[in-house]
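This report refers to the structure that appears directly beneath it.
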Amino acid sequence: MRGRRQGGGDVCGTLRRDRFHRRHHGPRRASVHAGPPALHGVGRRPGARPGAHPRGSARPGGPAAGMQLRPALPVSSSRMRCGRAAHVRRRRAPGALRTGAAASGAGSCRRLRHGRGMPVISAGLAARAAATYAGAALAGWLFQRMHVPLPWMLGPVMVTAAASLTGVRVAGWAGLRSAGLIVVGTTLGLYFTPQAARELIDHVPLILMAVAATLLIACSASLLLTRTSGIDRVTAFFCSVPGGPAEMCMLANRFGGAPVPIAVSQMLRIVVLVMVLPAALTFGGAGRGPGPAPEPLTTLGVIELVLLLGVSTMATVAMTRIGMRSAWLLVPLVVAIAASLSGWAPPAMPGALAAAAQVCIGTQLGLAFRRQEILGVRRALPAILLNVGILAAGCAAVAAVLAAASGTSLASLVLATAPGGVTEMCLTARSLGLEVPLVVGFHVCRVFIVVSATPWLFAAMRRSGLIDLPHPVPKSS
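The following block contains the structure:
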């Protein structure tokens, strides 16, 4: 008979049941083996199909009835019924907290498999993250006592990066960085008075010229990076364009670039500039310092500040749901600017809250330095650092030209045109008492223009023969 064999086993039915089990419960984790092939029929009921359970039930928890039960993987009794391991190991980035139902090994198979349920954090990882943030805060306090510029960010960055690179097990939570970005974006947006907004509009031609010059310098630096490091031209191009690590890695993935050198190069550029620029400007006599401490908050001020942060948080979450990138900084910035320009004058952000936000951001920035990735590009590190220096020097020269042509403060324009991160450069301007709205405006416009124009600039270099690309590129028409 079709679908059956001599031993009386329904092969088609068995295959259907196996497919159903795999689809709904995953692969079977326990198999019944009856010893050597010569003894395979021993202990089976007469007429039963091969592989069927004998009398006495060979299922977990029951007697084997002369047959040997060998689980393929160690599983707990609560999971045997569903055929899934109780503890599912999932890949996660180093330094990220392990969350989800799989962290506890509890709950139903369906919730475990689809990632539903309340997030659970292991106690050891939570303790490690708490120790990491405590060490970062202590480093920020020590840097402040030593009068280092931007102490609450530089201290956590240096300590966490050093610990991560030396093999110390550190951890952090990306949610704290997001909360810190909301606080920082709100803080920077409150600097936008109507007069500052008018001055920023007058500087729009300078912003466009600075962005165009930065892109030209980045293209030239990428060609030199290819010659000095051996990195292919596609990867070198995205290593040099100052558009942010996540954005450049995403674009490089599309055009065939290697993501690890790009991520390392972009992070090195941000960290090197945040370490060098504040100290260089401070020792050069630029800036007026952070200014007077904010006045103590009144009850009404606390209510206004909580309301502003709440609106910023809800707007940010809504924008992230629709896929907006960099929403954790830009949306609170826009909300605070709108509140400031509308005539509502919320109180300044308390110093302790701003410092805590910088500690969270700096810690996550330091955690981005992973030992394996740095060792993977160690031969190209000198060339990458040279590339960062060329890009920074070229942007500083552009700032000097723009300052001479417009009469704007040179220190403010150096920070505004620097190829660093938006958050880091704006916080540096705030800590040095420079023109925060000008620096914010330059960097926000640069991010939008660079991320939008990079694919078209890449296509132009491809057509000119400067870059060999095996993948299709978007047409510029």
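Residue 289 in UniProt numbering sits at position 289 of the sequence shown; the count goes up by one each step and never skips. Glycine included, every Cβ here is placed at the ideal spot set by N, Cα and C. This structure is a prediction, so every number in the text was calculated from the model and none was measured.
- The segment 153-170 makes no contact with the segment 388-406: fewer than 3 CB pairs, one atom from each, lie closer than 8 angstroms.
- Rounded to the nearest whole angstrom, the C-alpha separation of S240 and L330 is 23 angstroms.
- Residue environment for W173: buried (at least 16 other C-beta atoms within 10 angstroms of its C-beta).
- For G433, the secondary structure class from DSSP, reduced to helix, strand or coil, is coil.
- Going by beta carbons, V377 and G243 fall outside the 8 angstroms limit.
- The C-beta of V444 has 16 or more other C-beta atoms within 10 Å across all chains shown, which makes the residue buried.
- With 16 or more other CB atoms across the displayed protein chains lying within 10 angstroms of its CB, A411 is buried.
- Taking all protein chains in view, the Cβ of A136 is crowded by 16 or more other Cβ atoms within 10 Å, so the residue is classified as buried.
- Residue T132 holds the alpha-carbon nearest to the alpha-carbon of Q364 among R17, S122, G124 and T132.
- Between the C-alpha atoms of I207 and V422 there is a straight-line separation of about 14 angstroms.
- Between the alpha carbons of L391 and T299 lies a distance of about 48 angstroms.
- Contact holds between the segment 322-339 and the segment 187-199, because three or more Cβ pairs, one in each stretch, are under 8 angstroms apart.
- For G230, the three-state secondary structure derived from DSSP is coil.
- The segment 355-364 and the segment 147-165 touch, with three or more beta-carbon pairs separated by less than 8 angstroms.
- Taking all protein chains shown into account, N253 has fewer than 16 neighbouring C-beta atoms within 10 Å of its C-beta and is therefore exposed.
- In this structure, L277 keeps its C-beta atom at 8 angstroms or more from the C-beta atom of G124.
- In this structure, V183 is the residue among L223, T417 and V183 with its C-alpha nearest to the C-alpha of V311.
- Contact holds between the segment 427-441 and the segment 200-217, because three or more Cβ pairs, one in each stretch, are under 8 angstroms apart.
- CA-CA distance, L305 to V414, rounds to 32 angstroms.
- From the listed residues S222, I337 and L367, the smallest Cα separation to A197 is found for I337.
- In the DSSP assignment, G366 falls within the unbroken alpha helix (DSSP H) covering G351 to L367.
- Looking at R325, R233, A453 and A418, the one whose alpha-carbon comes closest to that of G465 is R233.
- With a minimum length of 4 residues, the unbroken runs of alpha helix (DSSP H) contained wholly in the segment 139-216 fall at 151-165, 174-189 and 194-202.
- When secondary structure is reduced to three states using DSSP, R371 falls in the helix class.
- Taken atom to atom, the span from the alpha-carbon of G351 to that of L273 is near 24 angstroms.
- With fewer than 16 other Cβ atoms from the protein chains shown falling within 10 Å of its own Cβ, G256 counts as exposed.
- In this structure, A221 sits near N387, with a CB-CB distance shorter than 8 angstroms.
- In this structure, the beta-carbon distance from C219 to M425 does not fall below 8 angstroms.
- Setting aside the 5 residues that flank it on each side, A418 is surrounded in the same chain by L273, L277, A392, C395 and M425, each with a C-beta closer than 7 angstroms to its C-beta; the list follows chain order.
- Fully contained in the segment 372-401 is no alpha helix (DSSP H) run of length 4 or more.
- Nearest to G389 by alpha-carbon distance, out of M275, E199 and L427, is M275.
- Going by DSSP, M275 is part of the alpha helix (DSSP H) stretching over P259 to F283.
- Look at M324 here: in three-state DSSP terms it is coil, with no helix or strand label.
- Of G343, F143, L216 and T228, the smallest CA-CA separation from R379 is found for T228.
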